[in-house]
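Heads up, the thing below is written out as structure tokens.
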Amino acid sequence: MRTTLRRVALTLATAVGVLVVGGSLPASWTLANNLIASAARSGGQPVPIQAANLTGSGPGSLVSAMTMPGLVASGDGRHLQAARVLYRSTSGDTGAPTVVSGAVMVPVGPPPPGGWPIVAFGHGTTGIDEPCAPSNSDSLMGMSGVVAAIIGKGFAVVMPDYEGLGAPGVHPYTDSRTAGLNMIDAVRALRLTFKNVSSRWVALGHSQGGGAAWAADERARSYAPELDLVGAVALAPAADVSKFVDKAKAGTLTQDQMLAFPLIIESLARRFPELSRDDYRNGWATRSWDALTACSGPLVNQRPAAAAGLAPAQLVPSSPTAENRMRDQLQKWALPQESLSAPMFVVYGSNDKLIDAQWTTDAIARACALGGTITWQLQPGKGHGDIDFSAALSWIVERFAGQPAANDCPSR
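Using our numbering, the first residue of the sequence shown is number 2, and each one after it goes up by one.
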């Protein structure tokens, strides 16, 4: 869990670069101090993208589109055009309009017939505060190598920050429905920022981003019928984390889960004031809370010590009422919610210490019952961050080629 996002980027970028070689995608939610330090912008001042269409007002319409000179000036960005966008989206929880930030990018050079096909990349957990957005960083929080590798294969890329990261508002951590809508609207925003972009796209994400890709697949048909989603890839997806509450009650949270649970509690408490933080924490966890939930500033330096002092007994719900309140909300946010719009490929490990494999297996079974084409790969002995995703990358190429996807769901 201490692996940096930079290592994530290098590994995934290498795998994308060859498309057939497997690799590991280390758990991405723990931010290393060097990535936080690199989040400061460099490489000149951003300026508006003159060709961007700012005339709309619905979901996916642009509020602003600014160049990303620091990213473009880097080695990873020399073959792409990039913009940091503010765009309109929708809360999956309330249906209210929101404004979300993200990065949108296209290759340099002539597009293929029909325009650049799109990969929407959903990042794993980077935090729950506004400064935690990858688009705030010239390196996209260490993920610029991933983007460059995908773009090098002839794709446009969108990377939504998700609601509350990079723009004002509360980040609804683990609400995949909201992240999925943010992903769809980022595709719309890309098409308003740069010309010669196709309507055909794939959703790809890991962990929190895996949940976003899954939810985007569910909502794409009804929410964005003008776009052509050809498939979604969910790597170790955070589809349903409601069982965190049961493990917290039993005192069986793993180390990885103990580090994630404070983010869940804090995000829910911000979103729902009736949910008291002190119903879910005590002792050292309470005293170290600000460091445990920080993604930027001096508190990040205190995070390793805060994490080292955590124990399951410090994160036990105080009462059945507290248990039910949190469980009920997490279940409302859990996937699946509806049938899929396009084929989906799920890859997860049997030894995942953050998202229990059984949680994902159960979510897949429920999704199959709702209808849809799902291929999945449960990899023996693999964890949250070391799954082999080579088959998933080949699967994406096949979807863009129009080949039919295999369906592992039992016949209905």
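Beta carbons are placed, not taken as given, at the ideal position from N, Cα and C, and that holds for glycine.
Since we're looking at a predicted model, the values are computed, not measured.
Subject >> Alpha-carbon spacing of residue 412 relative to residue 368, whole angstroms >> reply: Residue numbering aside, residue 412 sits at position 411 when the sequence shown is read from its first letter. Residue numbering aside, residue 368 sits at position 367 when the sequence shown is read from its first letter. Approximately 13 Å, taken between the alpha carbons.
Original post:
If we call anything under 8 Å between Cβ atoms a contact, is residue 80 one with residue 49?
Top reply: Translated into the one-based positions of the sequence shown, residue 80 becomes position 79. Translated into the one-based positions of the sequence shown, residue 49 becomes position 48. The answer is no: Cβ separation not under 8 Å.
Subject >> Runs of alpha helix (DSSP H) wholly within the region 343-387 (minimum 4 residues, chain order) >> reply: 358-371
Subject >> For residue 123, the first and last residue of its enclosing beta strand (DSSP E) >> reply: Along the sequence shown, read from residue 1 onward, the residue named residue 123 stands at position 122. Counting along the chain, the beta strand (DSSP E) containing residue 123 begins and ends at 117-123.
Subject >> Which residues DSSP lists as bridging residue 82, in chain order >> reply: Here residue 82 refers to the residue found at position 81 when the sequence shown is read from its first residue. Paired residue(s): 107.
Original post:
Quick one: is residue 196 buried, meaning 16 or more other Cβ sit within 10 Å of its Cβ, or exposed?
Top reply: Position 195 of the sequence shown, counted from the first residue, corresponds to residue 196. It counts as exposed.
Original post:
From residue 355 to residue 228, what does the alpha carbon distance come to, in whole angstroms?
Top reply: If you number the sequence shown from 1, residue 355 lands on position 354. If you number the sequence shown from 1, residue 228 lands on position 227. Between residue 355 and residue 228, the C-alpha separation is close to 33 Å.
**OP:** Kindly indicate which three-state DSSP category residue 394 falls into: helix, strand or coil?
**Re:** Counting from one through the sequence shown, the residue named residue 394 turns up at place 393. Residue 394 falls in the helix class under three-state DSSP.
**OP:** With distances taken Cα to Cα, identify the nearest neighbour of residue 253 among 338, 294, 311, 236.
**Re:** The sequence position of residue 253 within the sequence shown is 252, counting from 1. The shortest C-alpha separation from residue 253 is found at 311.
**OP:** Take residue 283 as the anchor and find which of 299, 314, 260 has the nearest alpha-carbon.
**Re:** To locate residue 283, count along the sequence shown from 1; it is residue 282. It is 314 whose Cα lies nearest to the Cα of residue 283.
Original post:
Rounded to the nearest angstrom, how far is the Cβ of residue 102 from that of residue 168, given a contact under 8 Å?
Top reply: The sequence position of residue 102 within the sequence shown is 101, counting from 1. The sequence position of residue 168 within the sequence shown is 167, counting from 1. Contact flag correct, Cβ pair sits at about 5 Å.
Subject >> Cβ neighbours of residue 324 in the same chain (closer than 7 Å, five flanking residues each side left out) >> reply: Here residue 324 corresponds to residue number 323 of the sequence shown, with the count starting at 1. Within the same chain, residue 324 has close Cβ partners 246, 250, 318.
**OP:** Would you mind reading off the limits of the beta strand (DSSP E) that contains residue 160?
**Re:** Reading the sequence shown from its first residue, position 159 is the one you call residue 160. Taken as a continuous stretch (DSSP letters only), the beta strand (DSSP E) holding residue 160 covers 157-161.
Subject >> beta strand (DSSP E) segment containing residue 236, residue limits >> reply: As a first step, residue 236 is located in the sequence shown; it is residue number 235 there, counting from the start. Run containing residue 236: 229-236, per the beta strand (DSSP E) assignment.
Original post:
What is the residue span of the alpha helix (DSSP H) that residue 194 lies within?
Top reply: Translated into positions along the sequence shown, residue 194 becomes position 193. First-last of the alpha helix (DSSP H) with residue 194: 177-194.
Original post:
Does the beta-carbon distance from residue 87 to residue 133 come in below 8 Å?
Top reply: As a first step, residue 87 must be located in the sequence shown, where it is residue number 86. As a first step, residue 133 must be located in the sequence shown, where it is residue number 132. Taking 8 Å as the Cβ cut-off, residue 87 and residue 133 do not qualify as a contacting pair.
Original post:
Looking only at its own chain, which residues have a Cβ that is under 7 Å from the Cβ of residue 407, when we skip the five neighbours before and after it?
Top reply: Indexing the sequence shown from 1 puts residue 407 at position 406. The answer, listed in chain order, is 376.
Original post:
Among 116, 395, 359, which residue has its Cα nearest to the Cα of residue 243?
Top reply: What you label residue 243 is simply residue 242 of the sequence shown in a count that begins at 1. Checked all of 116, 395, 359; the closest Cα to residue 243 is 359.
Original post:
Skipping 5 residues on each side, what residues in its chain have a beta carbon closer than 7 Å to that of residue 174?
Top reply: Translated into the one-based positions of the sequence shown, residue 174 becomes position 173. Around residue 174: 129, 264, 265, 268.
Subject >> Beta-carbon contacts of residue 55 that lie in its chain and below 6 Å, excluding the five residues immediately before and after >> reply: Within the sequence shown, numbered from 1, the residue matching residue 55 stands at position 54. 63, listed in sequence order.
Original post:
Can you round the beta-carbon distance between residue 429 and residue 346 to whole angstroms, since I take them to be within the 8 Å contact cut?
Top reply: Residue numbering for the chain in the displayed model covers 2 to 413; residue 429 lies beyond these limits and cannot be assessed.
Subject >> For residue 202, the residue or residues it bridges with in DSSP >> reply: Position 201 of the sequence shown, counting from 1, holds the residue named residue 202. Residue pairing by DSSP puts residue 202 in a beta bridge opposite 119, 230.
Subject >> Element boundaries [beta strand (DSSP E), containing residue 66] >> reply: For this step, residue 66 is matched to residue 65 along the sequence shown. Its beta strand (DSSP E) spans residues 63-68.
Original post:
What residues are listed by DSSP as bridge partners for residue 98?
Top reply: By 1-based counting over the sequence shown, the position of residue 98 is 97. Answer is 91.
Original post:
Cα separation between residue 192 and residue 100?
Top reply: Along the sequence shown, one-based indexing puts residue 192 at 191. Along the sequence shown, one-based indexing puts residue 100 at 99. Looking at the two C-alpha atoms, the distance is approximately 17 Å.
Subject >> Per-residue DSSP class, three states only, for residue 112 >> reply: Here residue 112 is taken as the residue at index 111 of the sequence shown, counted from 1. The answer is coil: DSSP assigns residue 112 none of H, G, I, E or B.
**OP:** Pull up the distance between the alpha-carbon of residue 94 and that of residue 224, whole angstroms please.
**Re:** As a first step, residue 94 must be located in the sequence shown, where it is residue number 93. As a first step, residue 224 must be located in the sequence shown, where it is residue number 223. Spanning the two alpha carbons is a distance of roughly 15 Å.
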